[in-house]
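J.:
Residue numbers (our numbering): 19 to 76.
#1: Could you name the residues of the same chain whose beta carbon sits closer than 6 Å to that of residue 49, not counting the 5 residues immediately before and after it, in chain order?
#2: Helix, strand or coil, according to DSSP, for residue 2 in the structure here?
#3: On the three-state DSSP scale, how would you describe residue 33?
#4: Have a look at residue 56 and residue 23 and give me their C-alpha separation to the nearest angstrom.
#5: Where do the ends of the beta strand (DSSP E) carrying residue 22 lie?
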């Protein structure tokens, strides 16, 4: 099974297709591992969107 590391340590990082940082730096150990292939959450189980996401496009 294929898994990918996730966590706040990835915020602001630019990764290649293999999950390696483009700047050549070292990534700390992930907070958790999630399977790459899994079922999507059911749309009705997600929180209702109440405010639009403003993109600045008119």
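Every residue, glycine too, gets a C-beta built ideally from N, C-alpha and C. Note that the structure is a prediction, hence the values are computed from the model and not measured.
T.: Once the coordinates are examined:
#1: 25
#2: Outside the modelled stretch of the chain, which goes from 19 to 76, sits residue 2, for which no answer is possible.
#3: The answer is strand: DSSP assigns residue 33 an E or B state.
#4: 15 Å
#5: Unbroken beta strand (DSSP E) run through residue 22: 21-24.
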